[in-house]
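J.: Have a look at this one before I ask anything.
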Amino acid sequence: MQKFMEIVVESLNQKLFVYLNSFSGHNKMVDVVVVFMAEYMPFVFIAILFYLWFTNRKNEALYAGYATTLGVVLNQIIGLFYYHNRPFMDHLGYTLLAQKAESSFPSDHTTFTLSIALMLLTFKQTRTLGVATVALALICGVSRVYCGVHYPFDILGSTIVSIVAVIAISLLKDKLHGLNIIVISTWKKIFN
9 MQKFMEIVVE SLNQKLFVYL NSFSGHNKMV DVVVVFMAEY MPFVFIAILF YLWFTNRKNE
69 ALYAGYATTL GVVLNQIIGL FYYHNRPFMD HLGYTLLAQK AESSFPSDHT TFTLSIALML
129 LTFKQTRTLG VATVALALIC GVSRVYCGVH YPFDILGSTI VSIVAVIAIS LLKDKLHGLN
189 IIVISTWKKI FN
């Protein structure tokens, strides 16, 4: 029964991939925009963290940094125990991005961006930015599928990892606050 379920889930994953990826390769301009979103969205999120840092939202920037770090570390741990081919390794779809032939599950790009976005949702002061960045993170994830480097379930897995990372950091907020004080006060001593 378990093997049957694995086959059903993998079949659904591949069918969703083929559908989402089928839109690529038809319009050069759309492909260029989607490739940019798929590949460079993490840099947009790094810029957002810098923006928060330099607009007196240092605590929020640090907590978002902790969440994304934890999320990506969790991805690496998952990668030690579970391997899943990238779509091009299975000879599926159209590939717009050159990638290494390595495990696709979960997506580091999606985990990186979505962990930051979800963490920003937890603060009243950054909630609006959090909503906007969740949309950008999900666009990044879908773009990775469109470009042929991830399956839809890789993005779903990243979403779960991001939620776990944000919950963990939220539960550790009080303990991490002391670290924030040290980081922020050190910054002020050096640069003020």
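Using our numbering, read the sequence shown as starting at 9 and increasing by one per residue.
Glycine included, each C-beta is placed from N, C-alpha and C at the ideal position.
(1) Would you call the region 38-53 and the region 149-158 touching, i.e. three or more CB-CB distances under 8 angstroms?
(2) On the criterion of 16 or more Cβ atoms from any shown chain inside 10 Å, does threonine 136 qualify as buried, or is it exposed?
(3) Taking the alpha-carbon of histidine 92 as reference, which of Val17, Thr194 and Cys148 has the nearest alpha-carbon?
(4) At a cut of 8 angstroms, does the region 81-100 reach the region 113-120 through at least three beta carbon pairs?
(5) Between the region 120-127 and the region 141-149, do at least 3 Cβ pairs fall closer than 8 angstroms?
(6) Got a sec? Which residues, its chain only, sit under 7 angstroms from leucine 128 by beta carbon, not counting five neighbours each side?
(7) In terms of alpha-carbon separation, which member of Asn21, Thr76 and Leu60 lies closest to aspartate 98?
(8) Could you tell me which whole alpha helix (DSSP H) segments of length 4 or greater appear in the region 102-178?
(9) So, is histidine 117 buried or exposed, given that buried needs 16 or more other C-beta atoms within 10 angstroms?
(10) For leucine 126, count neighbouring Cβ atoms within 10 angstroms of its own Cβ and tell me buried if that reaches 16, exposed if not.
T.: If we stick to the structure as given:
(1) Taking a contact to require three or more Cβ pairs closer than 8 angstroms, the region 38-53 and the region 149-158 qualify as touching.
(2) Residue numbering aside, residue 136 sits at position 128 when the sequence shown is read from its first letter. Exposed, since its Cβ has fewer than 16 Cβ neighbours within 10 Å.
(3) For the purposes of this step, residue 92 is taken as the residue at position 84 of the sequence shown. Checking every option, the nearest Cα to that of histidine 92 belongs to Val17.
(4) Between the region 81-100 and the region 113-120, the count of C-beta pairs closer than 8 angstroms reaches three or more; the two stretches touch.
(5) Touching, yes.
(6) In the sequence shown, the residue the question calls residue 128 occupies position 120. Within the same chain, leucine 128 has close Cβ partners Glu68, Ala72, Thr134, Leu137, Gly138 and Thr141.
(7) Looking up residue 98 in the sequence shown gives position 90. Closest in alpha carbon position to aspartate 98, among Asn21, Thr76 and Leu60, is Asn21.
(8) With a minimum length of 4 residues, the continuous alpha helix (DSSP H) runs that stay inside the region 102-178 are 116-129 and 135-154.
(9) Along the sequence shown, one-based indexing puts residue 117 at 109. Note on histidine 117: 16 or more other CB atoms within 10 angstroms of its CB, so buried under the neighbour-count rule.
(10) Numbered from 1 along the sequence shown, position 118 holds the residue referred to as residue 126. With 16 or more other Cβ atoms within 10 Å, it is buried.
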